[in-house]
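Chains V and R supply the protein sequences, listed in that same order. Letter 129 of the first sequence, counting from 1, is numbered 128 in numbering that gives the first Met the number 0, and no numbers are missing. Letter 205 of the second sequence, counting from 1, is numbered 204 in numbering that gives the first Met the number 0, and no numbers are missing. Backbone N, C-alpha and C define an ideal beta-carbon position, used for all residues, glycine too. For clarity, every value in this text was computed on a predicted model and none was experimentally measured. Heads up: the structure comes next, in structure tokens.
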Amino acid sequence: MDTQASDARPVLEGPDIARVLTRIAHEIVERAKGADDVVLLGIPTRGVFLAQRLAAKLEEITERKVPCGSLDITMYRDDLRMHPPRALARTDIPGDGIDGRLVVLVDDVLFSGRTIRAALDALNDIGRPRAVQLAVLVDRGHRELPIRADYVGKNLPTSLRETVKVQLAEEDGRDTVLLGVKQTAQ
Amino acid sequence: MQRHLISAADLTRDDAVLILDTAEEMSRVADRPIKKLPTLRGRTVVNLFFEDSTRTRISFEAAEKRLSADVINFSAKGSSVSKGESLKDTAQTLEAMGVDAVVIRHGASGAPYRLANSGWIDAAVINAGDGTHQHPTQALLDAFTMRRRLVGRDAGLGHDLAGKRVTIVGDVLHSRVARSNVDLLHTLGAEVTLVAPPTLLPVGIGTWPCEVSYDLDSTLPKSDAVMMLRVQRERMNAAFFPTEREYSRRYGLDGDRMAKMPEHAIVMHPGPMVRGMEITAQVADSERCTAIEQVANGVSIRMAVLYLLLGGNEPALTNTRTEEK
Chain V
0 MDTQASDARP VLEGPDIARV LTRIAHEIVE RAKGADDVVL LGIPTRGVFL
50 AQRLAAKLEE ITERKVPCGS LDITMYRDDL RMHPPRALAR TDIPGDGIDG
100 RLVVLVDDVL FSGRTIRAAL DALNDIGRPR AVQLAVLVDR GHRELPIRAD
150 YVGKNLPTSL RETVKVQLAE EDGRDTVLLG VKQTAQ
Chain R
0 MQRHLISAAD LTRDDAVLIL DTAEEMSRVA DRPIKKLPTL RGRTVVNLFF
50 EDSTRTRISF EAAEKRLSAD VINFSAKGSS VSKGESLKDT AQTLEAMGVD
100 AVVIRHGASG APYRLANSGW IDAAVINAGD GTHQHPTQAL LDAFTMRRRL
150 VGRDAGLGHD LAGKRVTIVG DVLHSRVARS NVDLLHTLGA EVTLVAPPTL
200 LPVGIGTWPC EVSYDLDSTL PKSDAVMMLR VQRERMNAAF FPTEREYSRR
250 YGLDGDRMAK MPEHAIVMHP GPMVRGMEIT AQVADSERCT AIEQVANGVS
300 IRMAVLYLLL GGNEPALTNT RTEEK
């Protein structure tokens, strides 16, 4: 992410992101037939904010409170041994737990699929959901594992030389999705 | 490059806060139905205990198992050490077995440092108490307990203990806990006052980053946390005070003394407590005494230390002071 090119161009702006989230919220309600047993779990950092926004939209639609939490996957990563240990983020499971519920994992970018694999492992240690679904803001392709998203904000065909950076108001001060070119190491 | 945790003095403020923050997340694992993380799967940790210990050994073992490490317990009693084997030979035996980390408690001050810097082994060395020198994970769990109680669980994340007044009372001379705490609390910005009879203060205490007092009653009203130390009878080879009764009258914490502390202030004890000596049962069993909480926090702190030292391809801590270049 630090190799972000300065000439990165936005592919989604604030209003687009809001529209996309509204659509995903409606899709969740439609597919879950009312979404009464839905639990949203965001993957830190930005997935958590997206999950909170989705929860707010779901509440508007269903007029019911939707449990929303976060799921840190750091300790379940398959590349732990390849980097220095990362700082941990918060795992916050809503009070009623996830047993027998429909868990919707929320993340900003779906890329290799390894994060989601780690998230499924993490879920396994926490409970047994009725089903697990995945919602992402951007699907940029290049999967390395047999994983797909159930709800996609935007399909963004990219090359491996490109970078996709999601910025959200809660963390970065503005809502945007930037597509840049990876700067090669000098 | 190999890194170890030998002394609380080696930790920078940022390292210490990182450990405390990591421990805060680790502590949430204890609330889950499956109290296990896969993080150290396939790593072998030896608990090398040359001295008796209940809570530290069990705490390390629980932490290692919660992180899925393979645990080998070693105590000097019933091992080849009782046949005269040296630390070097024991260490090299462990090395030959392919150990990733050694948690060592030893009666001789400096044994973990020797182990880490001698070139005998490649494994990471974590000091679980050496002689009267250091016990860094105890200091970390004490700081963690203080931050939780005095600053707040979530409010404390990312913060140190700046401005908190901590009083450590009792047998400072023989206490590795006091040494480690003074070092770490100073790093974290707290103001430490040691209270003890002059005979139980070590030579050279003037150079420590703390205040010294002989009067407990005047110190209590300006303390946010009061840490009572056990009088270590097993290390008492001289008459340090006339009688136990006199000691506990002047330096023991009872209900009346506790009432002089500010309302938010907590009473800490690293354990094992000797009730009636440095602390009365009334204080030990009160809401303000965090002794049991400290034990629970110990597991979280040790998980954090193990994760940060062993979880990746290199340690996340930047301590360099103990390393010989």
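message = Quick check: the Cα distance between Leu252 (chain R) and Arg54 (chain R), rounded to an integer number of angstroms?
response = Their backbone Cα atoms lie some 23 Å apart in a straight line.
request  = Please list the partners that Leu87 (chain V) has in chain R, where partner means a Cβ-to-Cβ separation under 7 Å.
outcome  = Near Leu87 (chain V) (Cβ distances below 7 Å), the residues of chain R are Thr21, Glu24.
query = Name the chain V residues that come within less than 8 Å of Lys357 (chain R), Cβ to Cβ?
reply = Since the first residue of chain R shown is 0 and the last is 324, residue 357 (chain R) is not available in this structure.
task = Determine which residues share a DSSP beta bridge with Thr242 (chain R) and list them.
result = Looking at the DSSP assignment, Thr242 (chain R) forms no beta bridge with any residue, so it has no partner.
message = Going by the DSSP bridge assignment, what does Ala100 (chain R) pair with across the sheet?
response = Paired residues: R:Val44, R:Ala123.
query = Within the 8 Å Cβ cut-off, does Pro192 (chain V) reach chain R?
reply = One cannot answer for residue 192 (chain V) here, as it falls past the ends of chain V, which runs 0 to 185.
inquiry  = Helix, strand or coil, according to DSSP, for Asp69 (chain R) in the structure here?
reply    = Asp69 (chain R) falls in the strand class under three-state DSSP.
ask   = Counting contacts by CB-CB distance shorter than 8 Å, is Glu323 (chain R) in contact with chain V?
value = With a pLDDT of 41 at Glu323 (chain R), under the threshold of 50, the predicted position of this residue should be treated as unreliable, and no value is reported.
key: Residues near Gly270 (chain R) in its chain [Cβ-Cβ closer than 8 Å; skip 5 each side]   = In the same chain as Gly270 (chain R), and ignoring 5 residues on each side of it, the C-beta atoms closer than 8 Å to its own belong to Arg54, Arg229, Ala290, Gln293, Val294, in chain order.
key: Contacting positions in the region 57-80 of chain V - beta carbon closer than 8 Å to chain R   = Listed by position along the chain: Asp71, Met74, Tyr75, Leu79, Arg80.
key: Asn123 (chain V) to Asp171 (chain V) span [Cα, whole Å]   = Rounded to the nearest whole angstrom, the C-alpha separation of Asn123 (chain V) and Asp171 (chain V) is 32 Å.
message = For Val225 (chain R) and Arg129 (chain V), what's the separation of their Cα atoms in angstroms?
response = A direct Cα-to-Cα measurement between Val225 (chain R) and Arg129 (chain V) gives close to 50 Å.
task = Please classify Pro135 (chain R): is it buried, with 16 or more other beta-carbons within 10 angstroms of its beta-carbon, or exposed?
result = In the assembly as shown, Pro135 (chain R) is a buried residue. Its beta-carbon has 16 or more other beta-carbons within 10 Å.
query = Quick one: what's Arg164 (chain R) bridged to in DSSP?
reply = Answer is R:Glu190, bridged to Arg164 (chain R).
key: Close Cβ partners of Glu26 (chain V) (< 7 Å) along its chain, the five nearest in sequence each way excluded   = Counting only Cβ-Cβ distances below 7 Å, and skipping sequence neighbours, we find Tyr150.
key: Chain-ordered chain R contacts of Thr90 (chain V) [CB-CB under 8 Å]   = Under the 8 Å cutoff, chain R gives Glu24, Arg27.
inquiry  = Using beta carbons (cut-off 8 Å, strictly below), is Pro82 (chain V) in contact with chain R?
reply    = Here residue 82 (chain V) turns out to be His, not Pro, going by the sequence shown. It does: the Cβ of His82 (chain V) has a partner Cβ on chain R nearer than 8 Å.
message = Using beta carbons (cut-off 8 Å, strictly below), is Arg152 (chain R) in contact with chain V?
response = So, not an interface residue.
task = Using a cut-off of 8 Å between C-beta atoms, extract the partners of Pro314 (chain R) located in chain V.
result = Going along chain V in sequence order, the residues near Pro314 (chain R) (Cβ under 8 Å) are Pro83, Pro84.
message = Tell me the rounded alpha-carbon separation between Lys34 (chain R) and Val28 (chain R).
response = One C-alpha to the other measures close to 6 Å.
task = Figure out for me which residue from V:Val165, V:Arg85, V:Ile115, V:Val103 has the closest Cα to the Cα of Ile92 (chain V).
result = Residue V:Val103 is the option with its Cα nearest to Ile92 (chain V).
inquiry  = Determine, for Leu307 (chain R), whether the minimum Cβ-Cβ distance to residues of chain V falls below 8 Å.
reply    = It does; some Cβ of chain V falls within 8 Å.
task = Determine, using beta carbons only, whether Leu140 (chain R) comes closer than 8 Å to chain V.
result = No, no contact with chain V.
query = Could you give the distance in angstroms between the alpha-carbon of Pro9 (chain V) and the alpha-carbon of Ala264 (chain R)?
reply = Straight-line Cα distance between these residues: approximately 53 Å.
request  = Report yes or no: is there a C-beta of chain V within less than 8 Å of the C-beta of Leu17 (chain R)?
outcome  = With 8 Å as the cut-off, Leu17 (chain R) counts as an interface residue toward chain V.
query = Taking contact to mean at least 3 C-beta pairs separated by less than 8 Å, is the region 1-15 of chain R in contact with the region 40-55 of chain V?
reply = In short, these stretches do not touch, since the Cβ pair count stays below three.
ask   = What are the boundary residues of the beta strand (DSSP E) that includes Met227 (chain R)?
value = Met227 (chain R): member of the beta strand (DSSP E) spanning 224-227, first to last residue.
message = Quick check: the Cα distance between Thr89 (chain R) and Arg89 (chain V), rounded to an integer number of angstroms?
response = Roughly 40 Å separates the two Cα atoms.
request  = Could you say which of V:Leu57, V:Pro84, V:Arg113, V:Tyr75 lies nearest to Leu316 (chain R) if we only look at CA atoms?
outcome  = The shortest CA-to-CA distance from Leu316 (chain R) to any of V:Leu57, V:Pro84, V:Arg113, V:Tyr75 is the one to V:Pro84.
inquiry  = Classify Thr38 (chain R): buried if its beta carbon has 16 or more other beta carbons within 10 angstroms, exposed otherwise.
reply    = Answer is buried; the Cβ neighbour count reaches 16.
query = For Glu373 (chain R), does the count of other Cβ atoms within 10 angstroms reach 16, so buried, or fall short, so exposed?
reply = The structure shown does not extend to residue 373 (chain R), since chain R spans only 0 to 324, so no value can be given for it.
message = With the cut-off set at 8 Å, would you say Leu307 (chain R) and Ala100 (chain R) are in Cβ contact?
response = No, these two residues do not count as a Cβ contact at 8 Å.
key: is_contact[Thr38 (chain R), chain V] using C-beta, thresh 8 Å   = Yes, because at least one Cβ of chain V sits closer than 8 Å to the Cβ of Thr38 (chain R).
inquiry  = Using a Cβ-Cβ distance cut-off of 8 Å, determine whether Arg31 (chain R) contacts chain V.
reply    = Yes, Arg31 (chain R) lies at the interface with chain V (some Cβ there is under 8 Å from its Cβ).
key: Tyr112 (chain R): first and last residue of the uninterrupted alpha helix (DSSP H) it sits in   = From DSSP, the alpha helix (DSSP H) with Tyr112 (chain R) extends over 110-116.
query = In angstroms, rounded to a whole number, what distance separates the CA positions of Met302 (chain R) and Met25 (chain R)?
reply = Taking the straight line from one Cα to the other gives about 7 Å.
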